[in-house]
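Counting the sequence shown from 1 gives a position; the working numbering is that position plus 12.
We put the CB at the ideal spot given by N, CA and C, even for glycine.
On a predicted model such as this, the values are computed, not experimentally measured, just so you know.
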Amino acid sequence: MEIALKIARKIAANVPFAAYILVPMWPEGVPTSKAVQEILFWQSQTMAMMYKIVAEALEKAGLLSIFILRIT
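Next comes the structure, spelled out in structure tokens:
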């Protein structure tokens, strides 16, 4: 979450920045095990929360439509 908040602060301050977030594709363990599935679930929840924070910062700065056009 801290990285998402730092990105949001940079967007609000209109400061150039770069952020690289690396996420392993497969956690260690049996992919169908309950533990691995729980890790994947919480990982997706964390990423969704981070996307929300960054999107809100872009919207407040009036930049959301610009970045949506670049992504699609």
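Are at least three pairs of beta-carbons, each pair with one atom in the region 68-78 and one in the region 40-56, less than 8 Å apart?
Short answer: they don't touch.
Whose C-alpha, out of Q55, G74, V48, A47, is nearest the C-alpha of I33?
Of the candidates Q55, G74, V48, A47, the one whose C-alpha sits nearest the C-alpha of I33 is Q55.
Relative to the C-alpha of I51, which residue among M37, K64, M62, Y63 is closest?
Of the listed residues, the one whose Cα sits closest to I51 is M37.
In its own chain, which residues sit with a C-beta less than 6 Å from the C-beta of K22, not counting the 5 before and 5 after it?
For K22, where only same-chain residues beyond five positions count, the Cβ hits under 6 Å are F29.
What number of angstroms, rounded off, separates the C-alpha of N26 from the C-alpha of T58?
Approximately 25 Å, taken between the alpha carbons.
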